[in-house]
Each structure stands twice: as C-alpha cells, then as structure tokens.
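Undergrad: In our numbering, the protein residues as written are 3 to 82.
Sharing a structure below in structure tokens format, with a few things to ask.
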C-alpha cells in the first residue's frame, strides 16, 4: 500500500501505477464513500481515449478541403 498526503484544498494524488491500471486519466469522474473508518473511491465515468498525435483536434467553421485540392487551380489563367 502506498501513502499519499492531502493538500490544503483537500486534494490527494492517486499513485500513477494505480491510475494506469484502472485507466483513470484527466476528467475521469470518481465517487467517494465512507465505509467504516476508511474512504472508498469508485470510478463513475472515464472519458473516451484522446488521440495522442493531436491531428484533427482543432475544428474550424469552414468545410474541409479535399486532399487532392490543387491551390494552383485558383490562379487566374487569363493573364498574359
């Protein structure tokens, strides 16, 4: 069993190996219950996995550009 301390705000740190084993990560929801003379934590909700690459995390208001789009096609070919 590993011990941890309580901050001035009443927060504790769940040891990393326990978080990893249970899949607890940022924004996971836990429920706390008093059982006898100890506290038990229950996992209420674990958010879906976030892709670690960061690709496509930002979304804009404009429609997506096709992958075969050629920017040169926007140039005016009437110039001589």
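From the three backbone atoms N, C-alpha and C, an ideal C-beta is built for every residue, glycine too.
Report back the beta-carbon spacing between residue 41 and residue 25 to the nearest angstrom; my notes put them in contact at under 8 Å.
TA: Not really, about 20 Å apart at Cβ, beyond 8 Å.
Undergrad: Sort out for me which residues DSSP pairs residue 2 with in a bridge.
TA: Residue numbering for the chain in the displayed model covers 3 to 82; residue 2 lies beyond these limits and cannot be assessed.
Undergrad: Since residue 28 and residue 46 should fall inside the 8 Å C-beta cutoff, what is the C-beta to C-beta distance between them, to a whole number of angstroms?
TA: So it is not a contact: roughly 15 Å between Cβ atoms.
Undergrad: Return helix, strand or coil for residue 16, following the three-state DSSP convention.
TA: Reduced to three states, the DSSP call for residue 16 is coil.
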